[in-house]
Each structure stands twice: as C-alpha cells, then as structure tokens.
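The sequence shown: position 40 = 427 (our numbering), numbered continuously. Heads up, the beta-carbon is just placed ideally off N, CA and C, and yes, glycines get one too. This structure is a prediction, so every number in the text was calculated from the model and none was measured.
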Amino acid sequence: QRGTQGPAGANLFIYHIPVTWSDGELVQCFSPFGTVISATVFKDKLTNQSKGFGFVSYDNAVSAQNAIAGMNGMQIEGKRLKVEIKKPRGPYGQ
388 QRGTQGPAGA NLFIYHIPVT WSDGELVQCF SPFGTVISAT VFKDKLTNQS KGFGFVSYDN
448 AVSAQNAIAG MNGMQIEGKR LKVEIKKPRG PYGQ
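Printed below as a string of structure tokens:
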C-alpha cells in the first residue's frame with residue numbers, strides 16, 4: 388500500500404537509494420526485518436526519475452529499529468544507504 392503510515396516509530400526515511408530502484412526493490416530489501424505496509428521511492432514528476440530517497444513503513448516500531456540496525460550504512464550499487472526514523476511533521480509542515 389503506497390503512502391500508508393505505520394504507528395509512531397515504525398516509519399523510516401531512506402536516503403541514497405540507487406536510482407534504478409522502484410517501490411518493489413525497497414519492499415524486497417526491507418521485508419526481512421518485518422511486515423512492510425508501505426514502501427515509496429520518490430520520483431520526479433516530470434522525468435519519472437528516482438530522486439534517490441523514499442519511505443518504508445512497518446506495522447511496528449521494533450521492525451523499524453531492526454531495519455535501521457541491519458540496513459543503515461549498507462552499500463548497494465555504489466551507494467551507502469542512510470536509514471533513520473521519519474520525524475513527524477511540525478504543525479506547519481516543517
């Protein structure tokens with residue numbers, strides 16, 4: 388399910404995703420750590436090219452922590468992934 392949020396602490400921000408990846412590769416890479424309820428690679432609206440970052444949401448915070456431990460710093464296609472908890476937006480979307 389694209390764009391679905393998990394509970395607090397279960398949503399990850401992934402940086403430095405290989406530009407060749409789609410949502411499917413994100414799911415495949417992050418599903419060993421738990422039940423992925425959403426995975427989204429952000430793409431440029433005009434070119435449909437990956438912007439190199441995305442989100443993964445789990446159904447629980449423990450899976451998200453396991454994914455950070457397992458995937459943060461992982462080198463894939465010459466890029467080193469940066470994985471962290473997605474911070475909730477402030478009242479003004481900041």
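Given a length threshold of 4 residues, each whole run of the alpha helix (DSSP H) inside the segment 437-469 is given here in chain order: 448-458.
Listed in chain order, the alpha helix (DSSP H) elements of length 4 or more contained wholly in the segment 389-417 are 410-417. By the criterion of a C-beta distance shorter than 6 angstroms, serine 437 is surrounded in its chain by Val406, Val428, Lys430, once the five residues flanking it on both sides are discounted. Glycine 421 and tryptophan 408 have their C-alpha atoms some 20 angstroms from each other. For threonine 427, the enclosing beta strand (DSSP E) starts and ends at 423-430.
Within 10 angstroms of the beta-carbon of methionine 461 lie fewer than 16 other beta-carbons, which makes it exposed.
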